[in-house]
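Each residue of the sequence shown is one higher than the one before, starting from 165 at the first, in our numbering.
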Amino acid sequence: MTKTVRLTMAQAVTRFLSRQMTEIDGRRVPIFGGVWAIFGHGNVAGVGEALYPVRDELPTFRAHNEQAMAHAAIAYAKANFRRRFMAATSSIGPGALNMVTAAALAHVNRLPVLFLPGDVFANRLPDPVLQQAEDFSDGTASVNDCFRAVSRYFDRITRPEQIIPALNRAMQVLTDPAECGPVTLSLCQDVQAEAYDYPESLFAERVWMPRRVRPDRNELAAAVAALKGAKRPLVIAGGGVLYSQASGELAKLVQGAGIPVCETQGGKSSLPDDHPLNMAAVGVTGTSAANRLAEEADVVLAVGTRLQDFTTGSWALFKNAGRTIIGLNTQGFDAGKHWALPLVADAAEGLVELSAALKGWKAPPVWTDNALKGKTEWQAAAAKVTASTNAAYPSDAQVIGAVQRAMGSGVTLLHAAGGLPGELHKLWQAGAPGSYHAEYGFSTMGYEIAGGLGVKMAKPGEEVVVMVGDGSYLMLNSEIATSVMLGLKLTIVLLDNRGYGCINRLQMATGGANFNNLLKDSRHEVMPDVDFAAHAASLGATAEKVASIAELETALGRAKANSKTTVLVIDTDPLVSTEAGGHWWDVAVPEVSARREVNAARKKYEEAVGSRQG
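This is the structure we're talking about:
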């Protein structure tokens, strides 16, 4: 007879989560790093009570904003190369909906996180409960249905026994390299408190290891034939290289065959910046070295990338009409994009087999030498734009140079939306795999500080540097207080350009008037004068405003010695960006306008669209 244990549904969830394990470097560790929780009436009595007895095996962390705590959980998973992850629980209503943006971020970036929002009463007797949104035509609807579109797996638990198959399915998705993404188990609040006789086997310790799929022999043969016939081969390294921890295999392949490599935002740091064959960033925010090769390449091996528009220059970057793309990816959906030769496999396994099959073959030396020359030229251009300056309002690039000189490549550098991703993708010299952490798949303003907190939780012994603009900071800064409370030190460099400088530049580039982006161009009675240093200090951080690049470098030296989160604020120029490198991006310009600037921009836009090869 099956042995059972009587638990509430919420108790079954927390006990199950505490028993799921993985192995990292030969050591067995919990696969869940903990649960982020903000309690309300929809989860405090059920999930909240259930988390308390397992708080030592499954730590609970309190945040100040539900979206931010979910960002921290997602960043934790990314910093762990998807090997470990976290859960996030909220009440129903606004608490749950605050996490939907983060769910979309995880969905786009293929990152694992378990959402456990409270939901309405399954028995419906108290309806409408506080924070319940009623649908006049559908009695089963709840605000948590918003999670359906941005979850790899969604389930609403309306009976306590339903959690048994739901938990198994959740773990399958969270640990599957191809399906990986957010899981939402929407927990009806009355069902959280209902008891059931659960089989003890549900709570047996289980070890989940990453699945490493080897390539199909026919797909491998086609990929090898294409590469052996290449005169101008190029590798694009995406985030899948890092998640597979395949940097060593990538280095062996390209060194053996003499193939240059370029990196997406998600794949940057797949190889160290000083690797001779690493041409660095590709695409809209790419280097001149990488993009010139991408334009000419006849075979492109795209490893672990979903080939989004910033990588491909809206599919205008690859100008060789006879090019072949090989899509090495665990997900067939990504592997076959744009008529690519699919090579469905784990990145490490696929690279190992490609290396073996290509042994003795090398790309033409003239192509490799051309790549090396281009890298040298790019490095000289990058050094100029990142050099120190006495300007009252330095550029983002000059601030990046200061941070690089002061902190080196041994730190983990994190950023997300605005102008910084474009500049950092091109200019930051990354070191170890995973030391460059960008959220640019969903480009989510407000991710930066919360994400930095999650990275620090994953890498407590490493220096984590967050670079953030004033726009993102004002959207979501609350987890500075959480970092101080938890003793998790961050170094935050806040670039204040007094508005949304990146979008303002895009507005100008498409012929628009300066309107509603920079604070000075927005409707106002009085210009805001935000004291960011005082604000950060009020949240418990060490904070100061610096007046120059030289002062910033000195302050960063002090920040290294600090034991708690430090925020350094510097004013920057909103109009300057690095001209070297880069590529056209498809942003539709109005076909008709009273502004001659828009009409001129439309003409250029039509010319660019007409020349697209993709």
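Even for Gly, the Cβ is constructed at its ideal location relative to N, Cα and C.
Measure the alpha-carbon distance for Pro292 versus Glu298 and round it to whole angstroms. The straight-line gap from Cα to Cα measures roughly 7 Å.
Ala252 versus His579 - alpha carbon distance: Whole-angstrom Cα-Cα distance: 22 Å.
What's the C-alpha gap between Lys432 and Ala401? Distance between the alpha carbons of Lys432 and Ala401 is about 8 Å.
Gly611 burial status per 10 Å Cβ neighbour count (16 or more: buried): In the sequence as presented, Gly is not what sits at residue 611; that position holds Tyr. By the C-beta density criterion, Tyr611 is buried, having at least 16 other C-beta atoms within 10 angstroms.
Using three-state DSSP, classify Asp291 as helix, strand or coil. Coil at Asp291, not helix or strand.
Backbone CA spacing between Ile328 and Asp302 [nearest angstrom]: Their backbone Cα atoms lie some 27 Å apart in a straight line.
Across which residues does DSSP place Asn442 in a beta bridge pair? Partner residues in the beta bridge of Asn442, as assigned by DSSP, are Val425.
How long is the line joining the alpha carbons of Pro692 and Leu683, rounded to whole angstroms? Inter-residue distance for Pro692 and Leu683 is about 8 Å (C-alpha atoms, whole angstroms).
Could you please give the first and the last residue of the uninterrupted beta strand (DSSP E) stretch that includes Phe249? Segment 249-254, the beta strand (DSSP E) holding Phe249.
When you measure from the CB of Lys432 to every non-hydrogen atom of the ligand HEM, does any distance come out below 7 Å? Ligands displayed in this structure: none; no statement on the ligand HEM is therefore possible.
Are the CB atoms of Val467 and Leu492 nearer to each other than 8 Å? Contact: yes.
Is Gly633 helix, strand or coil when you go by DSSP? Three-state result, Gly633: strand.
Counting pairs of beta carbons, one from the region 274-283 and one from the region 347-355, are three or more of them closer than 8 Å? These segments touch.
How should Asn244 be labelled, buried or exposed, when 16 other C-beta atoms within 10 angstroms of its C-beta is the threshold for buried? With a 10 Å radius around the Cβ and a threshold of 16 neighbouring Cβ atoms, Asn244 comes out buried.
Assuming Cys666 is part of the alpha helix (DSSP H), what are its boundary residues? Residue range 665-673 is occupied by the alpha helix (DSSP H) that includes Cys666.
With distances taken Cα to Cα, identify the nearest neighbour of Ile667 among Gly633, Phe249, Leu652. The residue with the shortest Cα to Cα distance from Ile667 is Gly633.
Kindly identify the DSSP beta-bridge partner or partners of Ile734. In DSSP, Ile734 forms a bridge with Leu659.
Mind checking whether Ala330 and Asp319 have CB atoms under 8 Å apart? Yes, the pair counts as a contact, with Cβ atoms nearer than the cut-off.
If we ignore side chains and look at the alpha-carbon of each, how far apart do Leu391 and Leu481 end up? About 20 Å.
Can you tell me whether DSSP reads Thr166 as helix, strand or coil? Three-state DSSP puts Thr166 in coil, outside helix and strand.
Looking at the unbroken alpha helix (DSSP H) that takes in Arg766, where does it start and where does it end? Taken as a continuous stretch (DSSP letters only), the alpha helix (DSSP H) holding Arg766 covers 760-774.
Sorted by chain position, which residues of the same chain lie with C-beta nearer than 8 Å to His601's C-beta, five sequence neighbours on each side aside? The answer, listed in chain order, is Ala239, Lys242, Ala243, Thr576, Leu577, Leu578, His579, Gly615, Val619.
Contacts around Val193, its chain only, beta-carbon distance under 8 Å, and the 5 residues preceding and following it disregarded: Same-chain partners within the cutoff: Met185, Thr186, Glu187, Arg248.
Contact the region 470-488 vs the region 334-348: 3+ CB pairs below 8 Å: The region 470-488 is not in contact with the region 334-348.
Selected residue, minimal CA-CA separation from Leu338, among Asn287, Thr322, Val731, Asn273: The shortest C-alpha separation from Leu338 is found at Asn273.
Note down, in chain order, each residue of its chain lying with its Cβ closer than 6 Å to the Cβ of Gln495, except the 5 sequence neighbours on either side. Excluding sequence neighbours, Gln495 sits near Ala342.
How should Asp438 be labelled, buried or exposed, when 16 other C-beta atoms within 10 angstroms of its C-beta is the threshold for buried? Counting every other CB atom within 10 Å of its CB across the protein chains shown gives Asp438 a total below 16, marking it as exposed.
So what does DSSP say about Gln296, is it helix, strand or coil? Coil.
Among Gly675, Asp189, Phe203, which one has its Cα closest to the Cα of Leu762? One detail in the question is off: residue 762 reads as Val in this sequence, not Leu. Checking every option, the nearest Cα to that of Val762 belongs to Gly675.
Using CA coordinates, which residue listed in Gly635, Asn455, Thr730, Ser712 is at the minimum distance from Lys653? Of the listed residues, the one whose Cα sits closest to Lys653 is Thr730.
For the beta strand (DSSP E) that Ala545 lies in, which residues bound it at each end? Segment 529-550 is the alpha helix (DSSP H) holding Ala545; no beta strand (DSSP E) there.
In whole angstroms, what separates the C-alpha of Arg376 from that of Tyr360? C-alpha separation (whole angstroms): 37 Å.
Tell me whether Val567 sits in a helix, a strand or coil according to DSSP, three-state version. Note: Val567 maps to helix in three-state DSSP.
How do the region 639-648 and the region 218-234 stand: do at least 3 beta-carbon pairs fall below 8 Å, yes or no? Contact annotation: the region 639-648 touches the region 218-234, with at least three C-beta pairs closer than 8 Å.
Please report the straight-line C-alpha distance between Met233 and Leu457, rounded to a whole angstrom. Met233 and Leu457: Cα-Cα distance of roughly 40 Å.
Residues near Arg183 by beta carbon distance below 6 Å, same chain, minus five either side: The answer, listed in chain order, is Phe367, Glu369.
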